[in-house]
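Trainee: First residue of the sequence shown? That's 60 in the working numbering, and the numbers climb one at a time after it. The beta carbon of each residue, even a glycine, is placed where N, CA and C say it ideally should be. Just so you know, these numbers come straight off a predicted model, no measurement behind them. I'd like to ask you about the structure that follows.
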Amino acid sequence: MLPVAIAVIALVAFFFLFSGVFTDYLWYDSVDYTEVFSGVVVTQIVLFIVGALLMVGIVGGNMLLAYRTRPMFGPGMFGGASGADRYRMALDPHRKMIFLVGMAILALFTGSSFANQWKTWLEFVNATPFNENDALFGMDISFFMFTYPFIRMVLNFLFTAVILSAAMATIVHYLYGGFRLQSPGVHASRAARVHLSVLLGVFVLLKAIAYWVDRYGLVFSERGFVHGASYTDVSAVLPAKTILAIIALICAALFFAGIVRPGGMLPGVAFGLLVLSAILIGGVYPALVQQFQVKPNEQAREQVYIKRNIDATRKAYDVADAEVIDYAAQGDASKANVTADTSISGVRLLDPNLISETYQQKQRIRGFYDFHDPLDVDRYPDASGNMRDTVVAVRELTGPPPEQDNWINRHLVYTHGYGFVAAPGNEVDAEGLPNFTAKDMPVTGPLVQQTGLKESRIYYGESETAPEYVIVGGDKEQELDYPGSGNTGQKNTTYTGKGGVPVGSFFNRLLYAAKYGEINMLLSGDVNEKSKILYVRDPAERVAKVAPFLSLDNNAYPAIVDGRVVWIIDAYTTSNAYPYSTSRSLEEMTRDTATDPRLAVQQPRDRINYMRNSVKAVVDAYDGTVRLYAWDEQDPILQTWRKAFPGTLKPKTEMSAQLLQHVRYPEALFKVQRDVLSRYHITDPNAFYGGQDFWNVPNDPSSGERNIKQPPYYLSVKMPGTDTPSFSLTTTFVPRQGPNLAAFMAVNATAGDDYGKMRILRMPSNTTVAGPGQVQNNFQNKFSGELNVLGLGQSKVRYGNLLTLPFADGLIYVEPVYVEIQAASGQEPYPILRRVLVGYGSKVGSGDTLEEALKQVFGEGVQQPVAPDEGKPDTPEEGTGQPAAGTDLARAISEAQDAYTAAQDALAKNPPDWQAYGDAQEKLRAALDKLKGAAPAEGPAATPSPTPTGTPSPTPSPATTATPSPSPTS
């Protein structure tokens, strides 16, 4: 019975293994990337076999050799029994089984380890020259990127094989009497001595080769002031490695001499010489050079090598062509014409990191839909055909409602999301909400007609809670398309796309039932001959699966291209083997307040010193089609992988015009480049050594958290010397010490001739230009009164992205301010735009709209504070912290408090008293007019904003003010 049980278990295990591999093949076949599957699998199988056979041949062969050269007179030839005899007698009857099982385990582990090196092997055999040489050895960069890692892999394999062979041969010789541990010393047979001498000689010979190869690894050294070979590496370590290689060859010869000369003198001399030379020549000598030659004169000694590091790092991270422009940033507001610059008057006010909650409340429609947070920024034409920044999202499915969550609903009915939602970034409606140009279900709005949107179903998206797989298609329409209105019920559909794997056959259903452990796939009558299974539905995961040699940006963004919703994903070629380039953690360089903590795809490398945005990937949201476009066709790493997997990458000339409109410069690459340029904007090695002009990315002033970097922002920016604004990715820098602004950087993010053009506006060191943190503090100090009033009660003030733009020889700061109010009905709060803050030089402004705030700063409506009544100074009452009673300011604050209380009372009623609430709004607005020094309006201060159906209107927008106002207590 035991053999039968073992056979059954083996068959079941084989079936599950087969189902996993074969369903993988079916998936690759469904997306037309079987060449990637077969290429990777065949390479892994070949490497597995080669690695397993070589390791078993070397280790097993040495064990057999030790057994066959055992002493012919038996274990007791050295006299007397030993502990080894007991072990031998216990193991000898089962030696063949033990040997075979041991070799099988060794083959399994070694083959698996070797198979995992398939990327190293493919890069080696398909290596593409860089056509540029390193500064130390004069060898093409491709040697260090592709050949050197392969040589190290082979050496590691051989070292492991020799060490295991020596260890196992020693055990066999010991068990079968080849040598004995007796007093005095070790007694060994000639065969054992010869065998072990040869193995030790081979090990030392490999060490000699490793010493020689290690010379090339000095270009990655971290010993000096910067990464790359330093003065000590070149002057001391490099010759030391050469000398050690020669000494190791001599020592190997001495070990081989032990074959013909008995005794342990020659091996002992060889071992002692090897250890002593490694300590003195390889360790002590470089340390002395570093301590007594380099440290006292480090700047002079390292100057050449710092220069090499600067040049290599700027090339490796593709920032060598970044243009640094000296910028005074001392503009005159009175001479600036804001209306002439559309990048200012049309600046994006919607913060994609905040308004996801607003999109959810206004466009989620049903609780089983959601929007990914944060939202994305793209470009779409307005009514005039001009491109403008647009905040976009797709309505994704999270799964069926909890009370209907069963297998059929989860996997056959609730199969997809629906709809594209978009709003211009530079405008809101009368209530401070996004002015949607694409919305609702079915999708309506002017953007739908402009883009020709025809298919808005989302079967592939970023939702973390969507079902892992869905089964679609078939004869009957049972998939929920979108909820109907009134008594019309839901609209149903059935999938007709080309994506997915057919599961009509019993065999395929059996495989997927095993893959997901779900018997319903076999039993359900709703799964028929036309059904398909859709899985691996996250766009980034799909791209990672068809292009496992790429690193991916974790921010896929949706776009309407040629009438369909697609996901665009930036993919990178990365390496940590570029000579002299600084190596950094990719995760550390890209972390900021906008970083998605859920990396959709695990990055294959964390520490990198080379990066290119070589591929633009596109995933169709309806049928899951994956297309890879070679964006940087000059990248040698990409050319290498195109040789390995021919036909998988399309030339970028095949990208449609609409797709090119939505291509943008990737965030992750820009974050890496700004991290690099915070130091490597300096090209002079002496100035770099001093480090006085190093920069930092400022902390995000709007987040309220310390030590978290401000994210870069997509904006339309008009840089100095350019005629029109261009869609760009921007960031700021502050000095290493101090909060002042050090520089502003922007890269052109629009596909075209200037795509990737990087410009840095460097602020003068002899004047003070306010940095983001200082501007944020200035805003909060100036407008604390009115902002605190917005945050009374259950309301919460939330600051949006603090945007920085060059304008009129200066810098303008724009920050939207949102109010998040908790409704009495218990509805989830969501941010509503209530203020826009603007700063330019020493002037600041605040308004309900951007236009009002700009007028305060640049003229036409700047309001002055009212002087206090003479003889009645506004002194605080003792212990209250408020101005003395009887002053106009105190009365205004009291009126504001009373109005706010009345508004809250009106909301608390069931149902809410909207008339009383509107009257309280008018009183609050009039009180706020008094706070900013204007006379109270006799009539209504403004037309009341429309109130959304079923929800209370949020706190009203106070009138514009340019001066701080004290805050009333709650």
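Pair every Cβ in the segment 823-832 with every Cβ in the segment 758-775, then say whether three or more of these pairs are closer than 8 Å.
Mentor: The answer is yes - the segment 758-775 touches the segment 823-832, with three or more Cβ pairs under 8 Å.
Trainee: In this structure, does DSSP put T510 in helix, strand or coil?
Mentor: DSSP places T510 in helix when its eight states are reduced to three.
Trainee: Could you check how far apart the C-beta atoms of Y872 and R893 are, in whole angstroms? I think they sit under 8 Å.
Mentor: The pair is not a contact, with the Cβ atoms about 18 Å apart (cut-off 8 Å).
Trainee: To the nearest angstrom, how far is it from the Cα of W466 to the Cα of N614?
Mentor: 31 Å
Trainee: From the DSSP output, read off the bridge partner residues of I1030.
Mentor: The shown model of the chain, from 60 to 1029, leaves out residue 1030, and the question about it has no answer.
Trainee: One question on the structure: do G476 and I424 come within less than 8 Å of each other, judged by their Cβ atoms?
Mentor: no
Trainee: Three or more beta-carbon pairs under 8 Å between the segment 455-464 and the segment 504-515, yes or no?
Mentor: Judged by pairs of C-beta atoms under 8 Å, the segment 455-464 does not touch the segment 504-515, as fewer than three such pairs exist.
Trainee: Go ahead and pull the three-state DSSP assignment for S78.
Mentor: helix
Trainee: May I ask you to list the residues that DSSP assigns as paired with L862?
Mentor: V873
Trainee: Just the C-alpha distance for K914 and L983, rounded to the nearest angstrom, thanks.
Mentor: 24 Å
Trainee: For E486, which residues in the same chain have their Cβ closer than 7 Å to its Cβ, ignoring the five residues on either side in sequence?
Mentor: N494
Trainee: Which of helix, strand or coil does DSSP assign to D435?
Mentor: strand
Trainee: Determine whether the beta carbon atoms of G815 and Y688 lie at a separation below 8 Å.
Mentor: No, these two residues do not count as a Cβ contact at 8 Å.
Trainee: Among residues of its own chain, excluding the 5 on either side of R367, which ones have a beta-carbon nearer than 7 Å to its beta-carbon?
Mentor: A194, G287 and Y639
Trainee: M148: buried (16+ other C-beta within 10 angstroms of its C-beta) or exposed?
Mentor: exposed
Trainee: With a Cβ-Cβ cutoff of 8 Å, do D665 and L645 count as a contact?
Mentor: yes
Trainee: How big is the Cα-Cα spacing for Q769 and L413?
Mentor: 14 Å
Trainee: Tell me the rounded alpha-carbon separation between Q839 and G780.
Mentor: 33 Å
Trainee: With S97 as the anchor, note down where its alpha helix (DSSP H) starts and where it stops.
Mentor: T93 to R127
Trainee: May I ask you to verify whether the segment 782-802 touches the segment 820-830, counting CB pairs closer than 8 Å and requiring at least 3?
Mentor: yes
Trainee: Out of E887, T641 and L870, which one is the CA nearest neighbour of G390?
Mentor: The residue with the shortest Cα to Cα distance from G390 is L870.
Trainee: Just mark I619 as buried or exposed, buried being the case when its beta carbon has 16 or more other beta carbons within 10 Å.
Mentor: Note on I619: 16 or more other CB atoms within 10 angstroms of its CB, so buried under the neighbour-count rule.
Trainee: What residues in its chain sit with their C-beta under 7 Å from that of P561, if we drop five residues either side in the sequence?
Mentor: N567 and K591
Trainee: In this structure, does DSSP put A489 in helix, strand or coil?
Mentor: coil
Trainee: How is I68 classed by DSSP in three states: helix, strand or coil?
Mentor: helix
Trainee: State the start and end residues of the unbroken beta strand (DSSP E) segment that holds N807.
Mentor: A802 to N807
Trainee: For the segment 323-363, which segments carrying the alpha helix (DSSP H) assignment without a break, of at least 4 residues, lie completely within its bounds, in sequence order?
Mentor: 324-338 and 344-348
Trainee: What does the alpha-carbon distance come out to for the pair V453 and G859?
Mentor: 22 Å
Trainee: Determine, using beta carbons only, whether F786 and R438 come nearer to each other than 8 Å.
Mentor: yes
Trainee: Cα separation between E536 and T552?
Mentor: If I take the Cα positions, the gap works out to 5 Å.
Trainee: Given a cut-off of 8 Å, decide if S256 and G331 are closer than it, judged by their beta-carbon atoms.
Mentor: no
Trainee: With burial defined as no fewer than 16 other Cβ atoms inside 10 Å of the residue's Cβ, what is the status of G341: buried or exposed?
Mentor: buried
Trainee: Alpha carbon to alpha carbon, what distance is there between V685 and V595?
Mentor: 12 Å
Trainee: Indicate the three-state DSSP secondary structure (helix, strand or coil) for I578 in the structure shown.
Mentor: I578 sits in coil when the DSSP states are folded into three classes, being neither helix nor strand.
Trainee: Please classify M778 as buried or exposed, where buried requires at least 16 neighbouring CB atoms within 10 angstroms.
Mentor: buried
Trainee: Give me the Cα-Cα distance between F729 and M648, rounded to the nearest whole angstrom.
Mentor: 10 Å
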